[in-house]
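Novice: One structure is given below, represented as structure tokens, and several questions about it will come after.
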Amino acid sequence: VTLATPFESRHRLLGSDGVYRWFALRALPQFNAQGDLVEWHSAALEVVDAAPEVEHHRLLWTADAASFSRHFLNVGPSCGWPDNLRAPLSWDAQLASVSADQRSAYRDAMEGLAAGRSIEVRYEIRNAEGQRFDVEDTAFPLVETDGSINRFIGESRVRRQAAAKVVMIDPARRGCNLRKVLESHGLEVEVCDKARRRVRGRSDIGLVIYCSNSTVVDILGMAEAVRSELPDIPMVVLGDPLASPHDIITLHEAGVLDVLSYASNDQAQALSVMPHIDLFLNNNILELPSRPTKQALSRLSPRELEILEQAVIGGTSKTIGRMLGISPRTVDYHRGKALDKLGMKAVTQAVDLFTPPTALLHRRY
Numbered sequence: 009v010t011l012a013t014p015f016e017s018r019h020r021l022l023g024s025d026g027v028y029r030w031f032a033l034r035a036l037p038q039f040n041a042q043g044d045l046v047e048w049h050s051a052a053l054e055v056v057d058a059a060p061e062v063e064h065h066r067l068l069w070t071a072d073a074a075s076f077s078r079h080f081l082n083v084g085p086s087c088g089w090p091d092n093l094r095a096p097l098s099w100d101a102q103l104a105s106v107s108a109d110q111r112s113a114y115r116d117a118m119e120g121l122a123a124g125r126s127i128e129v130r131y132e133i134r135n136a137e138g139q140r141f142d143v144e145d146t147a148f149p150l151v152e153t154d155g156s157i158n159r160f161i162g163e164s165r166v167r168r169q170a171a172a173k174v175v176m177i178d179p180a181r182r183g184c185n186l187r188k189v190l191e192s193h194g195l196e197v198e199v200c201d202k203a204r205r206r207v208r209g210r211s212d213i214g215l216v217i218y219c220s221n222s223t224v225v226d227i228l229g230m231a232e233a234v235r236s237e238l239p240d241i242p243m244v245v246l247g248d249p250l251a252s253p254h255d256i257i258t259l260h261e262a263g264v265l266d267v268l269s270y271a272s273n274d275q276a277q278a279l280s281v282m283p284h285i286d287l288f289l290n291n292n293i294l295e296l297p298s299r300p301t302k303q304a305l306s307r308l309s310p311r312e313l314e315i316l317e318q319a320v321i322g323g324t325s326k327t328i329g330r331m332l333g334i335s336p337r338t339v340d341y342h343r344g345k346a347l348d349k350l351g352m353k354a355v356t357q358a359v360d361l362f363t364p365p366t367a368l369l370h371r372r373y
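This note's numbering numbers the first residue of the sequence shown as 9 and each following residue consecutively.
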């Protein structure tokens, strides 16, 4: 909206009946003869399946016909694969990133390209951080007047796969049945006694499930531990705490997305857990419909982004520091650094980068 350019986005909107529903929004700016923006034309279409579409990145590239090394032309900060696209991507690096069972098909496609045929090929890749991506390549050879082929031109459409790993913190082993049900749905479940720091190659964690002792104090303590050891990973709790409405709000603000009763059957618990896993990797798409906006905010660290978001909604250095457990001076430092990266001088300039809090069911959504 700020850039006055057409956009499409998806949002959960609250209806008059109090129920949130998914809508696909499309907006087109209208200009007068002088080029001034006069109004917006928009349409909202309800998405009945309520499943947000995973955004894809379009990467244009050229490749050397002899070495097959790729040079990417439109590298942006928002794409997570490969880890450094600014340097040429060698043939060996390409093969190493492609899934083992698809390498032969990928090699055959490249050989067809070298033989002078245009290609379309789909395959799965994994970057150095362990994230999985689905890639669709379309490419064709550049044939010289003498019939020789020196270069290829292509486009890669890259989509990040949904996380399939769940960490279940279960000291008393009360969630064994839920674990079996989740595994039957194709999810990998790791059971541990406490929150463990995420290590290299384990970035595919999509959800934390905590089997609590059904007290608010216990759940809050674990929520803080998860927030510290596994930042930005959503958390669902199994338990039956005697919680007041104020306690429920406190749990929600601490990062607890849902509290499921031990009395519920295993299938019902699993059905409640699955949507959180699907939504986790689409956070930016739902909150930040503009691609330039997402690319701008991708330059910020998670700490800078969190502090700037809290500052935009009215948080002071003291209140933000108290919430995050850091000093007001540290808050000022990160906020200033975030504004410098965005080329801004005041927090008020960043207001348009974030969805208003009243439009979000939860900040992670």
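Quick reminder that beta carbons are idealized off the backbone N, C-alpha and C, glycines included.
Does Ser156 pass the burial test, meaning 16 or more other C-beta atoms within 10 Å, or should it be called exposed?
Specialist: In the sequence shown, counting from the first residue as 1, residue 156 sits at position 148. Ser156 is exposed by the Cβ-count criterion.
Novice: Tell me whether Glu163 sits in a helix, a strand or coil according to DSSP, three-state version.
Specialist: Numbered from its first residue, the sequence shown carries residue 163 at position 155. Three-state result, Glu163: strand.
Novice: Counting only the same chain and skipping the five closest in sequence on each side, list residues whose C-beta sits under 6 Å from that of Val245.
Specialist: The residue labelled residue 245 in the question sits at position 237 within the sequence shown. If we look at Val245 and ignore the five residues flanking it on each side, its Cβ neighbours are Tyr218, Ser220, Ile227, Val264, Val267.
Novice: Can the beta-carbon of Val129 be found less than 8 Å from the beta-carbon of Arg165?
Specialist: Sequence index remark: in the sequence shown, residue 129 carries index 121 (1-based). Sequence index remark: in the sequence shown, residue 165 carries index 157 (1-based). No; because the gap between Cβ atoms is not below 8 Å, this pair is not in contact.
Novice: Smallest Cα separation from Thr146: which of Glu163, Asn135, Ile133?
Specialist: Within the sequence shown, numbered from 1, the residue matching residue 146 stands at position 138. It is Glu163.
Novice: With H, G and I counted as helix, E and B as strand and the rest as coil, what does DSSP make of Ile257?
Specialist: The residue given as residue 257 occupies position 249 in the sequence shown. Helix at Ile257.
Novice: Measuring CA to CA, which of Ala117, Val281, Thr258, Ala271 is closest to Asp243?
Specialist: One-based indexing of the sequence shown puts residue 243 at position 235. According to the sequence provided, residue 243 is Met. The question's Asp does not apply to it. That would be Val281, whose Cα lies nearest to the Cα of Met243.
Novice: Could you give the C-beta distance for Arg182 and Tyr270, rounded to a whole number, given that I count them as a contact under 8 Å?
Specialist: Residue numbering aside, residue 182 sits at position 174 when the sequence shown is read from its first letter. Residue numbering aside, residue 270 sits at position 262 when the sequence shown is read from its first letter. About 7 Å separates the two Cβ atoms, so the contact holds.
Novice: Straight-line CA distance for Ser77 to Leu97?
Specialist: Residue 77 sits at position 69 when you count from the first residue of the sequence shown. Residue 97 sits at position 89 when you count from the first residue of the sequence shown. Roughly 5 Å between the two C-alpha positions.
Novice: Could you give the DSSP three-state label for Leu21: helix, strand or coil?
Specialist: Start at 1 with the first residue of the sequence shown, and residue 21 comes out as number 13. Leu21 falls in the strand class under three-state DSSP.
Novice: Along the chain, where does the beta strand (DSSP E) containing Tyr270 start, and where does it finish?
Specialist: The residue given as residue 270 occupies position 262 in the sequence shown. No beta strand (DSSP E) contains Tyr270, which DSSP labels as neither H nor E.
Novice: Does Asp178 pass the burial test, meaning 16 or more other C-beta atoms within 10 Å, or should it be called exposed?
Specialist: Within the sequence shown, numbered from 1, the residue matching residue 178 stands at position 170. Buried, because 16 or more other Cβ atoms sit within 10 Å of the Cβ of Asp178.
Novice: Considering Cα atoms alone, identify which of Lys188, Val189, Glu261, Lys202 is closest to Ala180.
Specialist: In the sequence shown, counting from the first residue as 1, residue 180 sits at position 172. Ala180 has its Cα closest to that of Lys202, out of Lys188, Val189, Glu261, Lys202.
Novice: Strictly by DSSP, which residues pair up with Met176?
Specialist: As a first step, residue 176 is located in the sequence shown; it is residue number 168 there, counting from the start. According to DSSP, Met176 bridges with Val199, Ile217.
Novice: Quick one, which of Gly323, Arg140, Asp248, Trp69 has its alpha-carbon nearest Pro149's?
Specialist: Counting from one through the sequence shown, the residue named residue 149 turns up at place 141. Ranking the options by Cα distance to Pro149, first place goes to Trp69.
Novice: Do you know offhand how far Arg307's Cα is from Leu350's?
Specialist: To locate residue 307, count along the sequence shown from 1; it is residue 299. To locate residue 350, count along the sequence shown from 1; it is residue 342. Between Arg307 and Leu350, the C-alpha separation is close to 8 Å.
Novice: Kindly indicate which three-state DSSP category Lys353 falls into: helix, strand or coil?
Specialist: For this step, residue 353 is matched to residue 345 along the sequence shown. Lys353 falls in the coil class under three-state DSSP.
Novice: Using C-beta distances below 8 Å, list every residue in its chain close to Gln38, excluding the 5 sequence neighbours before and after it, in chain order.
Specialist: Looking up residue 38 in the sequence shown gives position 30. Result list for Gln38: Leu45, Val46, Glu47, Trp48, His49, in chain order.
Novice: Ordered along the chain, which non-local residues of its own chain (more than five positions away) have a Cβ less than 8 Å from that of Ala354?
Specialist: In the sequence shown, counting from the first residue as 1, residue 354 sits at position 346. Correct list, in chain order: Leu347.
Novice: Leaving out the 5 sequence neighbours to the left and right, which residues in its chain are closer than 6 Å to Ala52 when beta-carbon positions are compared?
Specialist: As a first step, residue 52 must be located in the sequence shown, where it is residue number 44. Counting only Cβ-Cβ distances below 6 Å, and skipping sequence neighbours, we find Phe31, Leu33.
Novice: DSSP puts Met282 in a beta bridge; with which residues?
Specialist: Within the sequence shown, numbered from 1, the residue matching residue 282 stands at position 274. Answer is none; Met282 lacks a bridge partner.
Novice: Check Val151 in the structure and name its three-state DSSP category.
Specialist: Walking along the sequence shown from the start, residue 151 turns up at place 143. Strand, per DSSP.
Novice: Can you name the start and end residues of the alpha helix (DSSP H) that Leu186 belongs to?
Specialist: Position 178 of the sequence shown holds residue 186. Start and end: 184-192.
Novice: Going by Cα to Cα distance, which pick from Gln275, Leu121, Met331 is closest to Arg159?
Specialist: For this step, residue 159 is matched to residue 151 along the sequence shown. Per the Cα distances, Leu121.
Novice: In whole angstroms, what is the alpha-carbon distance linking Phe15 and Ala35?
Specialist: Counted from its first residue, the sequence shown places residue 15 at position 7. Counted from its first residue, the sequence shown places residue 35 at position 27. Approximately 6 Å between the Cα atoms of the pair.
Novice: Our contact map puts Arg134 next to Ser105 with C-beta atoms below 8 Å; I'd like the distance itself, whole angstroms only.
Specialist: As a first step, residue 134 must be located in the sequence shown, where it is residue number 126. As a first step, residue 105 must be located in the sequence shown, where it is residue number 97. With a Cβ gap of about 6 Å, Arg134 and Ser105 count as contacting.
Novice: Just to confirm, is the Cβ distance from His342 to Glu312 under 8 Å?
Specialist: In the sequence shown, counting from the first residue as 1, residue 342 sits at position 334. In the sequence shown, counting from the first residue as 1, residue 312 sits at position 304. Yes, they are a contact pair.
Novice: Given this structure, state the Cα-to-Cα distance separating Arg20 from Ser75, to the nearest angstrom.
Specialist: On the sequence shown, residue 20 is found 12 positions in, with the first residue counted as 1. On the sequence shown, residue 75 is found 67 positions in, with the first residue counted as 1. Computed Cα separation, rounded: 48 Å.
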